[in-house]
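Since the structure comes first, as structure tokens, the remarks are kept for the end.
There are 2 protein chains.
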Amino acid sequence: MSKIIGQTAVSVYPLSNYSFGSKEIKHEKDINMDQRMARLRQSYEKLGLRRTVEGVLVVQEHNHPHILLLQRGVAFFKLPGGRLRPGEDEVSGLKRKLTNALAPANPQLRISWDVGECVGTQWRPNFDNVFYPYLPPHITKPKEYKRMYMIPLPDKAVFAVPGNMKLVAVPLFELYDNPGRFGPSLASLPAMLSRFRLNVVGSVVPTAYPQTLHMASYNIPEQAPQSLLMDSAHYQFQQKQQQE
Amino acid sequence: MSKIIGQTAVSVYPLSNYSFGSKEIKHEKDINMDQRMARLRQSYEKLGLRRTVEGVLVVQEHNHPHILLLQRGVAFFKLPGGRLRPGEDEVSGLKRKLTNALAPANPQLRISWDVGECVGTQWRPNFDNVFYPYLPPHITKPKEYKRMYMIPLPDKAVFAVPGNMKLVAVPLFELYDNPGRFGPSLASLPAMLSRFRLNVVGSVVPTAYPQTLHMASYNIPEQAPQSLLMDSAHYQFQQKQQQE
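Spelled out as structure tokens, the structure:
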């Protein structure tokens, strides 16, 4: 098969290769949306355009890609990441944010993050919660842009998440066409990722996804994988207290 | 600014740089959806997985990116492209399809197509009109995949479209969040394109989109550009009969 430009390959390992712990609670900066918007406005007046970076971490279950999302409360999901400091470059800022959100406090367990290709960009034109994947035509002073990057994972790692959050693995088929639950930005992740070659590595037989579909060896389970979202026991990872 | 991996730059020229003619009618192969599905099924039994390629051609009006779509009738929009022949590679097949759909019959006006990066992939699991940007987990025998490619345009060109079709330039803001009108695949194009750096080249002042937003020179019209979709006089390009 000839190389397809833009179709970058990323190895995707089983969720069971990773272990998940919890670490110190990270307090919310705002208690409600009004306060958050007031803080955004204040910060915009001081520093100008807010620059945000987020990481797309992909694992697999039943050979289907899942995205790691941070969940706060029942209904709020986000990619790990956050605001860059003034002058900070996107790659180092994203590594800092991923370490804050996902790395165990024990330095020996720290993940050496690999920041891959840009997956997409979102623009916030106003001081509200609406983002677009382009700059709307009449907007001369956007308030924020958010750039998403692919984060190719090592085959094994230990994650630790602040105690007031959960880390959940949401299948692509759950995100797709589901802006009501996840918002339009996360719901369009399956489309944005569809150019990548996600090489699903299994614990049994390594399988390429989706290039070897016509091969008889393609290892598909008899049944569709159960939605993790529908099953909170699966959905909330085993959280063992981190030894620090 | 440091280089962002995956954020490929594409120059986007004004719609007015291009001229549009019409050429011989290309008859539909099927008169209705049932006939079309029967033909897909027949072809699948004979040839297996159907491989389709499509081109994303971007122009600008009022500094906002627009996608060139073929329109048939009132409500049917598609990217130019089509089915690959058995054994045909994606890049040559897409060039052949783009020439069929868009190039004037006069060989001197032929466009030398440049096939850029993969924008996304869609899968058709069954013999119906539903595509997904991933292979659904329980599907072992998908019926079709469709790969979309960025087609960087020359700064000027002459297009000619079969007489029973129109070529329309649809702004990103019209496609976005509009699966009802354009279908989920076209509606997710703005998200898929958001990783590209679309350098909007104007006829007056060249402007980068959206990198130079904080620069005072950014040339934004006072009003949002009128939706071409809402204005059929704009929407249907001037169609002059091609001299052949």
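In the order they appear, the protein sequences are chains A and B. Note that the numbering used here has the first sequence beginning at 1, numbered continuously upward. Note that the numbering used here has the second sequence beginning at 1001, numbered continuously upward. We treat Cβ as the ideally placed atom computed from N, Cα and C, and that holds for glycine.
CB-CB length for residue i against residue j, believed under 8 Å
| i | j | result |
| --- | --- | --- |
| A:R110 | A:T99 | 7 Å |
| A:V115 | A:I151 | 6 Å |
| B:V1161 | B:S1022 | 6 Å |
| A:Y134 | A:R51 | About 17 Å separates the two Cβ atoms, so there is no contact after all. |
| B:P1137 | A:F182 | With a Cβ gap of about 18 Å, B:P1137 and A:F182 do not count as contacting. |
| A:Y149 | A:L94 | 6 Å |
| A:R41 | A:E90 | Contact flag wrong, Cβ pair sits at about 23 Å. |
Contact with chain A by residue i, beta-carbon distance below 8 Å
| i | result |
| --- | --- |
| B:Y1132 | yes |
| B:L1153 | no |
| B:E1090 | yes |
| B:N1188 | According to the sequence displayed, residue 1188 of chain B carries Ser and not Asn. At least one chain A Cβ lies under 8 Å of B:S1188. |
| B:E1174 | no |
| B:A1191 | yes |
| B:Q1060 | no |
| B:T1099 | no |
| B:S1194 | yes |
| B:G1087 | no |
| B:P1137 | yes |
| B:P1184 | yes |
| B:D1128 | no |
| B:I1025 | no |
| B:G1180 | no |
Burial state of residue i (16 or more Cβ within 10 Å)
| i | result |
| --- | --- |
| B:G1048 | exposed |
| A:I4 | buried |
| B:I1067 | buried |
| A:F159 | buried |
| A:P142 | buried |
| A:R39 | exposed |
| B:H1027 | exposed |
| B:A1075 | exposed |
| A:M33 | exposed |
| A:G6 | buried |
| B:V1119 | buried |
| A:Y13 | buried |
| A:P65 | buried |
Cutoff 6 Å; reference residue i; Cβ partners in own chain excluding five residues on either side
| i | result |
| --- | --- |
| A:T290 | Past the edges of chain A, shown from 1 to 244, lies residue 290 of chain A, and the structure says nothing about it. |
| A:L15 | V59, E61, A169 |
| A:G11 | The residue you asked about is not Gly; residue 11 of chain A is Ser in the sequence shown. If we look at A:S11 and ignore the five residues flanking it on each side, its Cβ neighbours are N199, V201. |
| A:K97 | G81, G82 |
| A:Y132 | W123 |
| B:D1128 | none |
| A:V267 | Chain A is shown from 1 up to 244; residue 267 of chain A falls before or after that span and cannot be answered. |
| A:S194 | none |
Alpha carbon of residue i to alpha carbon of residue j, nearest angstrom
| i | j | result |
| --- | --- | --- |
| B:T1121 | A:K46 | 42 Å |
| A:E88 | A:V53 | 11 Å |
| B:L1070 | B:G1055 | 11 Å |
| B:P1184 | B:M1192 | 12 Å |
| A:P171 | A:P104 | 25 Å |
| B:R1036 | B:K1029 | 8 Å |
| A:P125 | A:T140 | 9 Å |
| B:P1225 | A:D177 | A caution first: B:P1225 carries a pLDDT of 32, below 50, which makes its placement in the model unreliable, though a value can still be read off. B:P1225 and A:D177: Cα-Cα distance of roughly 28 Å. |
| A:I31 | A:K156 | 36 Å |
| A:N17 | A:L153 | 11 Å |
| B:S1112 | A:E24 | 59 Å |
| A:N164 | B:L1057 | 46 Å |
| A:F77 | B:L1079 | 33 Å |
| A:L102 | B:G1073 | 52 Å |
| B:Q1108 | B:S1092 | 20 Å |
| A:N63 | B:N1106 | 50 Å |
Contact list for residue i against chain D, beta-carbon separation under 9 Å
| i | result |
| --- | --- |
| B:S1112 | The structure shown has no chain D; the protein chains it does contain are A and B. |
Closer than 8 Å to chain B by CB, residue i
| i | result |
| --- | --- |
| A:H66 | no |
| A:N63 | yes |
| A:E54 | no |
| A:E117 | yes |
| A:R36 | no |
| A:G120 | yes |
| A:I31 | no |
| A:G6 | yes |
Close beta carbons around residue i, own chain, < 8 Å, minus the five adjacent residues each side
| i | result |
| --- | --- |
| A:L175 | I67, F182, L186, A187, L189, P190 |
Spatial neighbours of residue i in its chain, beta-carbon cut-off 7 Å, leaving aside the 5 residues before and after
| i | result |
| --- | --- |
| B:Y1044 | R1050, K1143 |
| B:P1179 | A1187 |
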